[in-house]
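Counting in the numbering used here, the sequence shown runs from 9 upward without gaps.
Even for Gly, the Cβ is constructed at its ideal location relative to N, Cα and C.
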Amino acid sequence: MKKRFLFLLVSSMIAIFIGTGCQRQTEELLSKNEIQDFLKWKLLTPDGVDIEVPGHGKKIRYIYANQVSFQKTGGTKGDSYEAPQGAILVKAVYSDRNASGKEKPSLTIMKKNSNHVLSQKGWLYFTMMPGEKPLLVQGRKCIGCHEAANEKHPYFDRNVNDSFRDYLFVPMHQYVQR
Ligand code: HEC
């Protein structure tokens, strides 16, 4: 598994350089309104995450999920999780621990919209720089690494049972009502 994960990390980093050209403006896919109050959503990483992820540097990350994300779907069983349509996860990235509150974070965003022609395995991936619009990310840049969340990996609870986690690293099944 470890080798495969490393391979994914390296190939994602290469894809980041190639992939930046594939971003496009996408107000209709994700409006600012849908995420404007994300700071009021459930915060899944209250202590912030600072485990180094290649390509992300030593930045501090906070992950928020909207209400829809916690609805149970047929695919959410045991420690498997399948996100409902309309689920949105926002990862807010700050330069360091002291910066949250003072600095506007840059965001990476995943929105579940399986029926959309541009979705990748059900998800639309976006980046959003402070004060700018969300940009859709196509190609392998994001999904190339997020595929690893569906198998054992070195983060959070490490997905020891190799369960399907719907491309999310945070163990969402822990928050879904049984
Ligand atoms: C090199 C691997 C890698 C790449 C590339 C990557 N991510 Fe992630 N992402 C992670 C990891 C690991 C986490 C778990 C939290 C953390 O460590 O920051 C995560 C967490 C997230 C989350 C919170 C939900 C979850 O899965 O836990 C979102 C949203 C997200 N990433 C979006 C993106 C977007 C959008 C892109 C592309 C611009 C991207 N990611 C590229 C590894 C990656």
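Where do the N-terminal and C-terminal ends of the alpha helix (DSSP H) with Ile43 fall, by residue?
40-43
Check: Arg12 C-beta below 7 Å from any heavy atom of the ligand HEC:
Flag unset: Cβ of Arg12 not near the ligand HEC.
Could you work out which residue in Pro113, Tyr89, Lys48 is closest to Met136 when comparing CA atoms only?
Out of Pro113, Tyr89, Lys48, Pro113 has the C-alpha closest to the C-alpha of Met136.
Assuming contact is defined by CB atoms lying nearer than 8 Å, are Thr53 and Ile71 in contact in what I supplied?
yes
Every unbroken beta strand (DSSP E) within the region 70-109, with a cutoff of 3 residues, ordered by chain
96-102
Less than 7 Å separating the Cβ of His124 from some heavy atom of the ligand HEC?
no
Rounded straight-line distance, which links the Cα of Thr116 to that of Ala73
Ala73 and Thr116 have their C-alpha atoms spaced approximately 12 Å apart.
DSSP-derived helix/strand/coil call for Cys30:
Bear in mind that a pLDDT of 46 at Cys30, under 50, signals an unreliable position, so the number given afterwards is only what the model happens to contain. Cys30 carries a helical assignment under DSSP once its states are collapsed to helix, strand and coil.
In or out: Ser77 buried (at least 16 other Cβ within 10 Å) or exposed?
buried
Are the CB atoms of Leu97 and Leu14 nearer to each other than 8 Å?
no
With 16 other Cβ atoms within 10 Å as the buried cut-off, status of Pro142:
buried
Is Tyr133 close to chain D, meaning its C-beta is less than 8 Å from at least one C-beta of that chain?
As a matter of chain content, chain D is missing from the structure shown, which is built from one protein chain.
Return helix, strand or coil for Arg164, following the three-state DSSP convention.
Inspection of the sequence shows that residue 164 is occupied by Phe rather than by Arg. Three-state DSSP puts Phe164 in coil, outside helix and strand.
For Leu37, which of Gln146, Gln75, Lys48 has the nearest alpha-carbon?
Gln146
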